[in-house]
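Asker:
Protein chains: 2
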Amino acid sequence: MPELTAGLRADLARLVGADALLTDPADCWPYGYDNSRRQALPQAVVFARDVTQLQALVQFCVRYGVPLIARGLGTGTTGATVPESGGIVLSFERMDQILAITPGDRLARVQPGVTNARLQQAVAEAGFFWAPDPTSAAVCTIGGNLAYNSAGPRAVKYGTPRDNTLGLSAISGAGDWFQTGVLTTKGVVGYDLTRLLIGSEGTLALITEATLKLTPLPEAKRTLRATYADIHAAARAVSAIMAQPVTPCALEIMDSTALEMVSRYAGLDVPAGAGAVLMIEVDGPAACIQDAQRAVGAAAQVAGLLELRLAETAAEVAALWKTRKALSPALRHVAPKKINEDVVVPVSRMGELIEALEQLARDSGIRIVNFGHAGNGNIHVNLLIDPDDPDAVTRAATCLEAVFTLVLRLGGTLSGEHGVGVAKRAFVGRELDPVAVRLMHAIKAQFDPAGILNPGKALPDVLS
Amino acid sequence: MPELTAGLRADLARLVGADALLTDPADCWPYGYDNSRRQALPQAVVFARDVTQLQALVQFCVRYGVPLIARGLGTGTTGATVPESGGIVLSFERMDQILAITPGDRLARVQPGVTNARLQQAVAEAGFFWAPDPTSAAVCTIGGNLAYNSAGPRAVKYGTPRDNTLGLSAISGAGDWFQTGVLTTKGVVGYDLTRLLIGSEGTLALITEATLKLTPLPEAKRTLRATYADIHAAARAVSAIMAQPVTPCALEIMDSTALEMVSRYAGLDVPAGAGAVLMIEVDGPAACIQDAQRAVGAAAQVAGLLELRLAETAAEVAALWKTRKALSPALRHVAPKKINEDVVVPVSRMGELIEALEQLARDSGIRIVNFGHAGNGNIHVNLLIDPDDPDAVTRAATCLEAVFTLVLRLGGTLSGEHGVGVAKRAFVGRELDPVAVRLMHAIKAQFDPAGILNPGKALPDVLS
Numbered sequence: 000m001p002e003l004t005a006g007l008r009a010d011l012a013r014l015v016g017a018d019a020l021l022t023d024p025a026d027c028w029p030y031g032y033d034n035s036r037r038q039a040l041p042q043a044v045v046f047a048r049d050v051t052q053l054q055a056l057v058q059f060c061v062r063y064g065v066p067l068i069a070r071g072l073g074t075g076t077t078g079a080t081v082p083e084s085g086g087i088v089l090s091f092e093r094m095d096q097i098l099a100i101t102p103g104d105r106l107a108r109v110q111p112g113v114t115n116a117r118l119q120q121a122v123a124e125a126g127f128f129w130a131p132d133p134t135s136a137a138v139c140t141i142g143g144n145l146a147y148n149s150a151g152p153r154a155v156k157y158g159t160p161r162d163n164t165l166g167l168s169a170i171s172g173a174g175d176w177f178q179t180g181v182l183t184t185k186g187v188v189g190y191d192l193t194r195l196l197i198g199s200e201g202t203l204a205l206i207t208e209a210t211l212k213l214t215p216l217p218e219a220k221r222t223l224r225a226t227y228a229d230i231h232a233a234a235r236a237v238s239a240i241m242a243q244p245v246t247p248c249a250l251e252i253m254d255s256t257a258l259e260m261v262s263r264y265a266g267l268d269v270p271a272g273a274g275a276v277l278m279i280e281v282d283g284p285a286a287c288i289q290d291a292q293r294a295v296g297a298a299a300q301v302a303g304l305l306e307l308r309l310a311e312t313a314a315e316v317a318a319l320w321k322t323r324k325a326l327s328p329a330l331r332h333v334a335p336k337k338i339n340e341d342v343v344v345p346v347s348r349m350g351e352l353i354e355a356l357e358q359l360a361r362d363s364g365i366r367i368v369n370f371g372h373a374g375n376g377n378i379h380v381n382l383l384i385d386p387d388d389p390d391a392v393t394r395a396a397t398c399l400e401a402v403f404t405l406v407l408r409l410g411g412t413l414s415g416e417h418g419v420g421v422a423k424r425a426f427v428g429r430e431l432d433p434v435a436v437r438l439m440h441a442i443k444a445q446f447d448p449a450g451i452l453n454p455g456k457a458l459p460d461v462l463s
Numbered sequence: 000m001p002e003l004t005a006g007l008r009a010d011l012a013r014l015v016g017a018d019a020l021l022t023d024p025a026d027c028w029p030y031g032y033d034n035s036r037r038q039a040l041p042q043a044v045v046f047a048r049d050v051t052q053l054q055a056l057v058q059f060c061v062r063y064g065v066p067l068i069a070r071g072l073g074t075g076t077t078g079a080t081v082p083e084s085g086g087i088v089l090s091f092e093r094m095d096q097i098l099a100i101t102p103g104d105r106l107a108r109v110q111p112g113v114t115n116a117r118l119q120q121a122v123a124e125a126g127f128f129w130a131p132d133p134t135s136a137a138v139c140t141i142g143g144n145l146a147y148n149s150a151g152p153r154a155v156k157y158g159t160p161r162d163n164t165l166g167l168s169a170i171s172g173a174g175d176w177f178q179t180g181v182l183t184t185k186g187v188v189g190y191d192l193t194r195l196l197i198g199s200e201g202t203l204a205l206i207t208e209a210t211l212k213l214t215p216l217p218e219a220k221r222t223l224r225a226t227y228a229d230i231h232a233a234a235r236a237v238s239a240i241m242a243q244p245v246t247p248c249a250l251e252i253m254d255s256t257a258l259e260m261v262s263r264y265a266g267l268d269v270p271a272g273a274g275a276v277l278m279i280e281v282d283g284p285a286a287c288i289q290d291a292q293r294a295v296g297a298a299a300q301v302a303g304l305l306e307l308r309l310a311e312t313a314a315e316v317a318a319l320w321k322t323r324k325a326l327s328p329a330l331r332h333v334a335p336k337k338i339n340e341d342v343v344v345p346v347s348r349m350g351e352l353i354e355a356l357e358q359l360a361r362d363s364g365i366r367i368v369n370f371g372h373a374g375n376g377n378i379h380v381n382l383l384i385d386p387d388d389p390d391a392v393t394r395a396a397t398c399l400e401a402v403f404t405l406v407l408r409l410g411g412t413l414s415g416e417h418g419v420g421v422a423k424r425a426f427v428g429r430e431l432d433p434v435a436v437r438l439m440h441a442i443k444a445q446f447d448p449a450g451i452l453n454p455g456k457a458l459p460d461v462l463s
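Read top to bottom, the protein sequences are chains A and B. Mapping the first sequence onto numbering that gives the first Met the number 0, position 373 (from 1) lands on 372, and the numbers just tick up by one. Mapping the second sequence onto numbering that gives the first Met the number 0, position 371 (from 1) lands on 370, and the numbers just tick up by one.
As structure tokens, then:
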């Protein structure tokens with residue numbers, strides 16, 4: 000990585016606009032981290048403005064061999080936007096316009112820097128929502144959601160960004176601007192570059208605009224909470240719920256360690272002997288919502304159910320969510336620097352996964368808290384360690400290794416919605432087919448021949 | 000294309016198995032056509048059996064520069080499986096096993112040669128369906144559905160193959176077997192090769208296995224038929240239906256020319272002055288179905304509505320569908336060799352599209368019948384001509400050119416679910432971004448370096 004000399008900095012200022020450039024390390028530092036606790040100093044930060052400016056920037060980076068790392072608002076958890084090999088961090092925070100909302104065609108056109116929450120608010124006024132709703136919706140951008148295919152709890156019914164994006168505009172690593180996809184929900188002209196870019200973590204192209212598929216807001220929503228004696232009963236209930244026709248719009252699980260955490264720090268209102276809790280929500284037309292709630296409630300009644308509570312009023316809903324909402328502060332209190340993974344296994348293997356994780360916790364002496372999006376089999380595995388304790392870090396590394404081995408043995412995937420970034424690069428070669436990895440690298444070389452777009456991220460090395 | 004000498008034929012027989020090889024032109028001929036009325040004689044036909052055999056076949060084709068054209072059961076409409084540059088047609092009809100159905104994980108694993116209808120029947124026994132349901136379901140294969148991303152009427156609610164496929168196994172044009180995707184509904188490790196292969200018409204790889212996402216069968220279905228004074232009223236109703244929360248599982252349109260065809264050959268039971276008909280179906284839990292029907296019925300009541308009929312019994316449903324079902328035989332009677340396009344426009348532009356098509360029909364003297372999947376804006380435009388009349392063919396070519404220009408001006412796409420094949424190759428360069436086309440060719444070169452997989456199909460030439 001070449002030094003950014005005073006001469007090059009002046010060139011850059013001329014190309015991208017002086018008001019769109021930071022080069023003072025003190026200014027650049029806040030753009031060098033994400034939520035993975037990794038941090039590296041960018042050589043410069045550029046604020047994306049428009050296609051012309053971005054093309055000039057890409058050409059500059061190609062000429063001088065400077066890495067270019069696209070960044071939303073830094074809520075990623077895998078270091079994907081951390082400039083570990085140096086380079087320019089490209090912040091999309093100023094390209095934050097909602098360009099069009101077209102209710103009759105169920106679509107919105109947006110720039111990548113708009114936050115998920117602001118988009119939801121704007122389309123809600125027209126009676127719609129965009130299905131992906133990561134927990135960080137208030138502060139994460141659509142560009143970031145597309146980069147990691149981040150979905151959140153609603154995905155169980157409404158899908159991920161790949162299922163809810165119709166087309167993109169982007170700039171390749173050669174500086175070429177191009178469009179992908181269609182304005183319609185059907186279309187099969189040319190290869191599907193839209194979904195190829197989604198989930199590619201800024202390694203193939205810089206997304207400058209997205210056409211998003213909107214879904215009409217449901218009229219009504221109902222909440223249920225089911226408490227089980229053990230995780231296997233809860234897992235059986237998840238399978239039963241997913242095998243009947245009413246698909247819930249949220250199906251979240253908490254394991255016994257999670258319940259124990261909450262009980263210690265916030266007081267628990269679940270029955271004694273609780274080994275797992277499911278939070279379930281259904282949505283739909285107001286006239287049908289009670290029947291939907293009843294159908295899902297019936298499916299939740301498997302052997303091992305200790306209590307099933309149905310909420311109707313806002314106060315009852317809040318009471319049911321209290322345990323789940325208390326979990327995050329409790330975790331922060333005990334282990335502010337916990338390791339949070341987002342593995343996925345087929346729904347039918349979830350009980351097996353969590354039981355093995357509990358065994359792993361006993362063997363390793365590391366407390367592991369599991370919760371997450373059970374309807375997709377997407378479990379957030381939290382290792383409660385102090386990363387400043389070298390011994391704990393070593394044990395955690397061994398433990399994580401075992402978690403990943405377990406997930407792959409169960410037919411799962413190492414990331415549901417957080418992506419690979421730097422954090423999981425060393426592991427994903429064990430999941431991906433080696434021929435497929437070679438093809439991915441070959442594709443990368445076509446989109447980014449100079450290798451400037453987020454180098455060293457997302458893809459594992461090619462195995463010989 | 001080299002000649003397949005007796006020596007090469009003997010090599011081939013040894014590699015793929017003599018019982019899996021046809022070389023007599025009389026035997027090969029039936030494998031040289033599809034439903035586009037194009038036909039060309041394959042130099043040989045091979046019946047796919049397993050990965051080992053297919054790898055040997057690919058290596059043979061690479062060594063001797065022989066095109067290899069994957070084929071399901073020949074129901075395609077664009078000539079994508081017609082060996083126009085010679086080569087070996089690879090029929091998947093014997094790789095037709097349903098390998099696994101896993102209700103708890105909502106998935107099925109299948110070989111590409113199984114027909115859509117047989118899969119639907121098998122998964123229905125477990126309480127599920129696979130969303131894509133092309134009209135040719137009885138005789139089209141899953142491999143073909145994946146090759147063209149073919150969906151059918153249900154896509155308006157349940158999506159296309161790209162939305163309903165979790166992973167694939169495939170063999171590249173270099174003879175490498177690889178796996179893509181996951182067994183779960185979330186996953187973001189590596190680039191999305193699954194959806195890249197779907198819709199690529201056998202030009203990137205040979206699909207040997209697919210993991211399909213299943214959806215629970217709805218308990219109940221209801222049918223509505225809405226008749227409008229003109230196409231604009233019907234188009235407004237489609238927009239209104241798509242803007243409210245109950246998404247129908249079918250939303251089909253017929254224009255005035257379609258109604259006129261039916262009235263002449265089968266007798267029409269719609270009110271006088273009918274200019275367009277919508278066939279609407281809703282599905283869902285039995286307890287909610289009446290409300291769903293009512294909600295959609297209310298949305299269908301826009302100015303220009305002449306009649307709204309709701310069916311409850313099977314006999315009433317059949318009566319409502321009578322007009323729509325009479326259309327295909329009526330068309331076959333009038334113009335057995337009609338040209339059938341499957342363009343798509345944003346739902347809000349559908350009225351404009353059909354009005355302009357009516358004007359085009361008047362100007363060109365060609366009768367144009369429009370019907371199709373209105374909820375996706377996917378209109379089947381039928382030019383009723385006799386392709387054996389040279390003058391008609393010339394006028395039809397001019398007319399088609401105008402149809403495609405119109406569709407692109409309205410923000411649409413030239414194919415919703417039939418694909419490009421040979422038939423639309425000359426046109427899709429006008430829709431696709433030229434940089435994207437260059438990238439698609441670059442991707443093709445990575446998957447198929449020798450250029451043996453279905454050469455000359457799907458992608459337009461690179462524009463200089």
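All C-beta atoms, glycine included, are put in the ideal place defined by N, C-alpha and C.
How do the stretch 170-179 of chain A and the stretch 174-184 of chain B stand: do at least 3 beta-carbon pairs fall below 8 Å, yes or no?
Answerer: no
Asker: Restricting to Cα atoms, I'd like to know which of A/Val188, A/Ala25 and A/Asn453 is closest to methionine 439 of chain B.
Answerer: A/Val188
Asker: By DSSP, does alanine 47 of chain A sit in helix, in strand, or in coil?
Answerer: In this structure, alanine 47 of chain A counts as coil in the three-state DSSP scheme.
Asker: With a Cβ-Cβ cutoff of 8 Å, do valine 281 of chain A and valine 245 of chain A count as a contact?
Answerer: The answer is yes: Cβ separation under 8 Å.
Asker: Take alanine 391 of chain B as the anchor and find which of B/Lys336, B/Cys248 and B/His372 has the nearest alpha-carbon.
Answerer: B/Lys336
Asker: Quick one: what's isoleucine 68 of chain A bridged to in DSSP?
Answerer: A/Val88
Asker: Between the stretch 123-147 of chain A and chain B, which residues of the former have CB atoms less than 9 Å from a CB of the latter, in chain order?
Answerer: Cβ contacts with chain B: Ala125, Gly126, Phe127 and Tyr147.
Asker: Run through the stretch 297-375 of chain B for me and flag every whole beta strand (DSSP E) of 3 or more residues, listed as ranges in chain order.
Answerer: Qualifying beta strand (DSSP E) stretches, in chain order: 304-310, 338-343 and 366-372.
Asker: CB-CB under 6 Å to asparagine 377 of chain B, same chain, minus the five flanking residues each way: which ones, in chain order?
Answerer: Val343, Gly371 and Gly415
Asker: In whole angstroms, give me the CA-to-CA distance for leucine 165 of chain A and threonine 193 of chain B.
Answerer: 17 Å
Asker: Quick check: what's the CA-CA separation for leucine 330 of chain B versus alanine 150 of chain B?
Answerer: Here the C-alpha atom of leucine 330 of chain B lies approximately 22 Å from the C-alpha atom of alanine 150 of chain B.
Asker: In chain A, which residues lie less than 7 Å from asparagine 375 of chain B when you measure between Cβ atoms?
Answerer: Thr183, Thr184 and Lys185
Asker: Can you give me, in chain order, the residues of the stretch 236-264 of chain A that have a beta carbon less than 7 Å from any beta carbon in chain B?
Answerer: Flagged, chain order: Ser238, Met241, Ala242, Gln243, Pro244 and Val245.
Asker: Which same chain residues, not among the five before or five after leucine 307 of chain A, have their C-beta less than 7 Å away from its C-beta?
Answerer: Leu223, Ala225, Gly296, Ala299 and Gln300
Asker: Compile a chain-ordered list of the residues in the stretch 264-280 of chain A whose CB is closer than 8 Å to at least one CB of chain B.
Answerer: Under the 8 Å Cβ criterion, the stretch 264-280 of chain A contributes no residue.
Asker: Could you tell me which uninterrupted alpha helix (DSSP H) segments, each at least 4 residues in length, are contained entirely in the stretch 104-140 of chain B, listed from first to last along the chain?
Answerer: 115-123
Asker: Should the stretch 232-250 of chain B be regarded as contacting the stretch 123-132 of chain B, the criterion being three or more beta carbon pairs within less than 8 Å?
Answerer: no
Asker: Looking only at its own chain, which residues have a Cβ that is under 8 Å from the Cβ of asparagine 148 of chain B, when we skip the five neighbours before and after it?
Answerer: In the same chain as asparagine 148 of chain B, and ignoring 5 residues on each side of it, the C-beta atoms closer than 8 Å to its own belong to Thr159, Pro160, Arg161, Ile197, Gly198, Glu416 and Gly418, in chain order.
Asker: Use the C-beta contact count for glutamate 340 of chain B: other C-beta atoms within 10 angstroms, 16 or more gives buried, fewer gives exposed.
Answerer: Answer is buried; the Cβ neighbour count reaches 16.
Asker: Can you tell me the Cβ-Cβ gap for glutamate 200 of chain B and lysine 423 of chain B, rounded? I've got them flagged as a contact below 8 Å.
Answerer: About 11 Å separates the beta carbon of glutamate 200 of chain B from that of lysine 423 of chain B, a gap too long to meet the 8 Å contact definition.
Asker: Measure how close the beta-carbons of glycine 272 of chain A and alanine 228 of chain A come, nearest whole angstrom, since I'm counting them as under 8 Å.
Answerer: With 8 Å as the limit, glycine 272 of chain A and alanine 228 of chain A qualify as a contact, their Cβ atoms being about 6 Å apart.
Asker: Which residue marks the beginning of the beta strand (DSSP E) containing leucine 223 of chain B, and which one marks its end?
Answerer: 219-227
Asker: Is it true that the CB of isoleucine 100 of chain B sits closer than 8 Å to the CB of valine 65 of chain B?
Answerer: no
Asker: Using a Cβ-Cβ cutoff of less than 7 Å, which residues in the same chain neighbour aspartate 497 of chain A once the five nearest sequence positions on both sides are dropped?
Answerer: Shown here, chain A extends from 0 to 463; a query on residue 497 of chain A therefore has no answer.
Asker: Less than 8 Å between the beta carbons of glycine 464 of chain A and threonine 74 of chain A, yes or no?
Answerer: What is shown of chain A runs 0 to 463, which leaves residue 464 of chain A out entirely.
Asker: What is the C-beta distance between threonine 76 of chain A and asparagine 115 of chain A, in whole angstroms, given that I count them as a contact (C-beta under 8 Å)?
Answerer: 16 Å between Cβ atoms; not a contact.
Asker: When the Cα of glutamate 351 of chain B is compared with those of B/Val333, B/Gly410 and B/Thr312, which residue comes out closest?
Answerer: Closest in C-alpha terms to glutamate 351 of chain B, from the list B/Val333, B/Gly410 and B/Thr312, comes B/Gly410.
Asker: Does proline 345 of chain B come within less than 8 Å of chain A when only Cβ atoms are used?
Answerer: yes
Asker: What in chain A is Cβ-close to aspartate 49 of chain B, meaning under 8 Å?
Answerer: Going along chain A, no residue has its Cβ under 8 Å from aspartate 49 of chain B, so there is no contact; the nearest lies around 17 Å.
Asker: Between alanine 294 of chain A and glutamine 243 of chain A, which are expected to be in contact by the criterion C-beta below 8 Å, what is the C-beta distance as a whole number of angstroms?
Answerer: 6 Å
Asker: Report the residues of the stretch 168-179 of chain B with a CB closer than 8 Å to any CB of chain A, ordered along the chain.
Answerer: Ser171, Asp175, Trp176, Phe177, Gln178 and Thr179
Asker: Distance cutoff 8 Å, beta carbons only. Does glycine 418 of chain A sit that close to anything in chain B?
Answerer: yes
Asker: By Cβ distance, which residues of its chain are closer than 6 Å to arginine 70 of chain A, with the 5 residues on each side in sequence left out?
Answerer: Thr80, Val88 and Ser90
Asker: Along the chain, where does the beta strand (DSSP E) containing glycine 180 of chain A start, and where does it finish?
Answerer: 176-180
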